[in-house]
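According to the working numbering, the residues represented by the sequence shown are 135 to 513, in order. Glycine residues also receive a C-beta, built at the ideal position from the N, C-alpha and C atoms. Remember, predicted model here, so these are calculated numbers, not experimental data. Let me begin by presenting the structure, written as structure tokens, before commenting on it.
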Amino acid sequence: MASVKLNNVSKIYSGNKVPAVVDFNLEIKDKEFVVFVGPSGCGKSTTLRMIAGLEEVSGGEIYIDEKFVNDIEPKDRDIAMVFQNYALYPQKNVYENMAFGLRYKVITETKKDRDGNDILDKYGNKVLIKRRYTKAEIDQKVIEAATILEIKEFLERKPKSLSGGQRQRVAIGRAIVRNPKVFLMDEPLSNLDAKLRNQMRSEILLLRNKIKTTFIYVTHDQVEAMTLGDRIVIMKDGYIQQVGTPIEVFDKPANVFVASFIGSPQMNLVDAMLQFEEGQYFLDAFGKKIKLCEKHQMKLKANNEISKEIILGIRPEFFHLKGEKACSLNGKLIISEMMGTEFYLHVEINNTKLTLKIPMMGLSPENLVMIQKVDNILL
Ligand code: ADP
135 MASVKLNNVS KIYSGNKVPA VVDFNLEIKD KEFVVFVGPS GCGKSTTLRM
185 IAGLEEVSGG EIYIDEKFVN DIEPKDRDIA MVFQNYALYP QKNVYENMAF
235 GLRYKVITET KKDRDGNDIL DKYGNKVLIK RRYTKAEIDQ KVIEAATILE
285 IKEFLERKPK SLSGGQRQRV AIGRAIVRNP KVFLMDEPLS NLDAKLRNQM
335 RSEILLLRNK IKTTFIYVTH DQVEAMTLGD RIVIMKDGYI QQVGTPIEVF
385 DKPANVFVAS FIGSPQMNLV DAMLQFEEGQ YFLDAFGKKI KLCEKHQMKL
435 KANNEISKEI ILGIRPEFFH LKGEKACSLN GKLIISEMMG TEFYLHVEIN
485 NTKLTLKIPM MGLSPENLVM IQKVDNILL
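Set out below in structure tokens:
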């Protein structure tokens, strides 16, 4: 259990012209689950590896539990890291893979008398001793972790006779037994197939409830980020784009990149004009002049907005077929994708391509006919 603080942390790999991470500032609270997300190459793993001590920082400071750790060896940072490729020892069985790190761990604790009371020196200070875990203690920790992860029956097996999901659990188990202050996970699910990935994602959520510790999780998958994170850090080209709760980054994206990165299918982004005429706001978009609803009128007025070019962001799920709302549009249906409980409709309106996400429930028989037979669609 620990907080993690990064102050202006930067990384330039020698030989690279472009920095991998620039001025990364973040305070992660004790027991918080924070996800770093962004496209490949944006600096997520580098940041995680700097926290772990596996990569030197080029600038800035890192604190774990308020302790400055820039110069502290990875093994002394009290962190555990789970990698994408599991990194298990193939010749050791599950028990040995999980126990291995504990055998050599040196723990410092207060010397106790026979009754379990702390022994004090002549100045009244606790007497500290260094020792290794006993076999019984290691057994207990491994069994505890194996029980949490439901891999107790595999303790004798070698990794090669485990499935991908089971191997990943062993890798997580090996981290749990160390009872780390901070749990670092680098794309731990990306080697698993889609079904197993969904299952393991739920298991990580359960695990998180069982072992109350600080988690930092790296993924390129925005669904993983949205479902796991208390807060999400969205990165691009080495820079933080936004830090917020899943709802914050979804509802109030800080920029166009975040708007299009979070949400599936992607948010539609349309060049439009905001017009302010005689005290009222209108949108000039899709070749139409659309009066904005009262809620938006009030918000724009409060911000003293004037006429200007804007990028209109419309989430695919915010469209309704044959809506009776203020604005209705005619478009051409290009293609429809049946996704099980919903349709993705790719539509062209006045030369602008849009994606719509329409729940099956929202499709009346009349609309269904329209999708199949007619290429004209009314929104
Ligand atoms: P991500 O985890 O977001 O995919 P990385 O942190 O791995 O991104 O990489 C960020 C940038 O740093 C990329 O441009 C990558 O090519 C570069 N990079 C990563 N590791 C090294 C390395 N060991 N040496 C040189 N460049 C590296």
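* To do: Leaving aside the five residues before and after SER324 along the sequence, list all residues of the same chain whose C-beta is less than 6 angstroms from its C-beta, in chain order.
  => In chain order, GLN218 place their CB closer than 6 angstroms to the CB of SER324, counting only its own chain and leaving out the 5 sequence neighbours on each side.
* To the nearest angstrom, report how far apart VAL156 and ASN484 are at their CA atoms. => Taking the straight line from one Cα to the other gives about 41 angstroms.
* Ordered along the chain, which non-local residues of its own chain (more than five positions away) have a Cβ less than 8 angstroms from that of LEU502? -> Caution is warranted here: a pLDDT of 47 is assigned to LEU502, below 50, making its placement in the model unreliable, and the coordinate value is therefore given only provisionally. Same-chain partners within the cutoff: there are none.
* Sequence-distant residues of the same chain with beta carbon closer than 8 angstroms to GLY235, five excluded per side -> Hits under 8 angstroms: ARG308, VAL311 and ARG312.
* DSSP state of VAL191, grouped into three classes? -> Here VAL191 sits in coil by DSSP.
* Asked: Pick from ASP418, LYS423, LEU326 and LYS264: whose alpha carbon is nearest that of ILE444?
  -> Ranking the options by Cα distance to ILE444, first place goes to ASP418.
* **Pocket of ligand 1 (residues with CB nearer than 6 angstroms to any heavy atom), chain order** => Those residues, listed in chain order, are TYR147, ASN150, ALA154, GLY172, SER174, GLY175, CYS176, GLY177, LYS178, SER179 and THR180.
* Hey, TYR351 and VAL276 are a contact pair by Cβ (cut 8 angstroms); roughly how many whole angstroms apart? -> Between the beta-carbon of TYR351 and that of VAL276 there is about 24 angstroms, and that puts the pair past the 8 angstroms contact cut.
* Asked: By Cβ distance below 8 angstroms, which residues in the same chain neighbour VAL191 in space, the five residues on each side in sequence not counted?
  -> Only residues of its own chain outside the window of five on either side were considered, and among them VAL143, SER144, LYS145, MET184 and ASN204 have a CB closer than 8 angstroms to the CB of VAL191, listed in chain order.
* For ALA305 and VAL168, the rounded distance between their alpha carbons -> Rounded to the nearest whole angstrom, the CA to CA distance from VAL168 to ALA305 is 20 angstroms.
* Helix, strand or coil: how does DSSP classify VAL404 here? -> Of the three classes helix, strand and coil, the one that applies to VAL404 here is strand, per DSSP.
* Looking at GLN409 and PHE416, is the spacing between their C-beta atoms short of 9 angstroms? -> Yes, the pair counts as a contact, with Cβ atoms nearer than the cut-off.
* Name the residue from ASP210, GLY413, ASN227 and ASN389 whose alpha carbon lies nearest to the alpha carbon of VAL316. => Among ASP210, GLY413, ASN227 and ASN389, the Cα nearest to that of VAL316 is on ASP210.
* Backbone secondary structure at LEU340 - three-state DSSP -> Reduced to three states, the DSSP call for LEU340 is helix.
* What is the DSSP secondary structure of PHE395, reduced to helix, strand or coil? -> Three-state DSSP puts PHE395 in a helix.
* Asked: Expressed to the nearest angstrom, what Euclidean distance is found between the alpha-carbon atoms of LEU222 and GLU189?
  -> Taking the straight line joining both Cα atoms gives about 21 angstroms.
* Please report how far the alpha carbon of ASN402 lies from the alpha carbon of ASP212, in whole angstroms. => Looking at the two C-alpha atoms, the distance is approximately 44 angstroms.
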